[in-house]
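Residue numbers (our numbering), protein chains in the order written: chain A, 10 to 146; chain B, 14 to 141.
Below is one structure, written out as structure tokens; comments come after it.
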């Protein structure tokens, strides 16, 4: 084996290993700006879980959508237990950053996870005066 | 002051500046007898004040949500008891309830806040 191959062997110990080895979040989102036909980029979102005993929301994660309107790493498999969750999208601030007003200062989508072994996709299709969401895959 | 009004009947049908219309898009029918409530944010206390509770009628509407006098600029919230609705139809749903928070800047304009809902999706828009 020549020297380059030897070095390569050290650097790529496992050719299947990626830089980010975190398993994907079982809960994902995707924000789309349907008014402009683009992903909803740089929108602040937060994920919360309801404490059924105190009826209070517990903040799990905050993040911003990336250039594709997605926010990877919302929750780990271990933390993803059955329960009631809330995803909060800062839609007012998003449109404000684009120099526009929005009918909705924020959007909260509350949903029930009954089977935490499944994957759940909670997208938001948004314009200044409308929005929709659905359980996707 | 905390006050609670039950949504009024036909005499107030045309007068509420906030209206809603709930449609069950899964079955292609109005969502009848869905409980809902209207709230307004108290910006100083940062709490929601309950203004009205009611149920949608056979056409999925709920007349009399608010009077013109009570309709001032601010943040409002309509909470739709969608989970209970689907349960009464013997079905489960992804959403235990739906809350739509919206901003009213001009109280001279009326605000139509419909909800199109199925077991696994919903949408809303500012209508007329």
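Virtual Cβ for every residue (Gly too), placed ideally from N, Cα, C.
Keep in mind it's a predicted model, so treat the numbers as computed, not measured.
- When Cβ pairs closer than 8 Å are counted between the two stretches, the stretch 120 to 140 of chain A is seen not to touch the stretch 27 to 43 of chain B, the count staying below three.
- Three or more Cβ pairs drawn from the stretch 135 to 142 of chain A and the stretch 39 to 50 of chain A lie within less than 8 Å of each other, which places the two stretches in contact.
- No Cβ-Cβ contact shorter than 8 Å links residue 129 (chain B) with residue 91 (chain B).
- Nearest to residue 51 (chain A) by C-alpha distance, out of A:109, A:118 and A:102, is A:102.
- Per DSSP, reduced to three states, the secondary structure at residue 101 (chain B) is helical.
- A direct Cα-to-Cα measurement between residue 100 (chain A) and residue 33 (chain B) gives close to 22 Å.
- Scanning the stretch 54 to 129 of chain B from its first residue to its last, the whole alpha helix (DSSP H) runs of 4-plus residues come out as 95 to 101.
- Here residue 112 (chain B) has 90, 91, 92 and 93 as same chain residues with Cβ atoms under 8 Å from its own Cβ, once five neighbours each way along the sequence are excluded.
- For the stretch 98 to 131 of chain A, the set of positions with a beta-carbon nearer than 7 Å to some beta-carbon of chain B reads 112, 113, 114, 115, 117, 119, 120 and 121 in chain order.
- Taking a contact as a CB-CB distance under 8 Å, the pair residue 56 (chain A) and residue 69 (chain A) counts as one, their CB atoms being some 5 Å apart.
- When CB distances to chain A are screened at a threshold of 7 Å, the residues of the stretch 93 to 120 of chain B falling below it are 107, 108, 109, 110, 112, 114, 115 and 116, in chain order.
- Straight-line spacing of the CA atoms in residue 76 (chain A) and residue 32 (chain A) works out to 21 Å.
- The DSSP-derived three-state label of residue 101 (chain A) is helix.
- Bounds of the beta strand (DSSP E) holding residue 55 (chain A) are 53 to 60.
- DSSP places residue 115 (chain A) outside any beta strand (DSSP E), giving it a letter other than H or E.
- Looking at the backbone, the Cα of residue 122 (chain A) and that of residue 67 (chain A) are separated by about 15 Å.
- DSSP places residue 51 (chain B) within a strand segment (E or B) once states are collapsed to three.
- If the five residues before and after residue 96 (chain B) are omitted, its C-beta is found closer than 8 Å to the C-beta atoms of 106, 108, 109 and 110, all from its own chain and listed in chain order.
- In the DSSP annotation of this structure, residue 131 (chain A) is not part of any beta strand (DSSP E), being labelled neither H nor E.
- Ranked by Cα distance from residue 111 (chain A), the first of B:121, B:139 and B:104 is B:139.
- Nearest to residue 117 (chain A) by alpha-carbon distance, out of A:98, A:105 and A:126, is A:98.
- Cβ proximity to chain B below 7 Å picks out nothing from the stretch 41 to 69 of chain A.
- In its chain, beyond the 5 residues on either side, 82, 83 and 84 have a beta carbon closer than 6 Å to the beta carbon of residue 34 (chain A).
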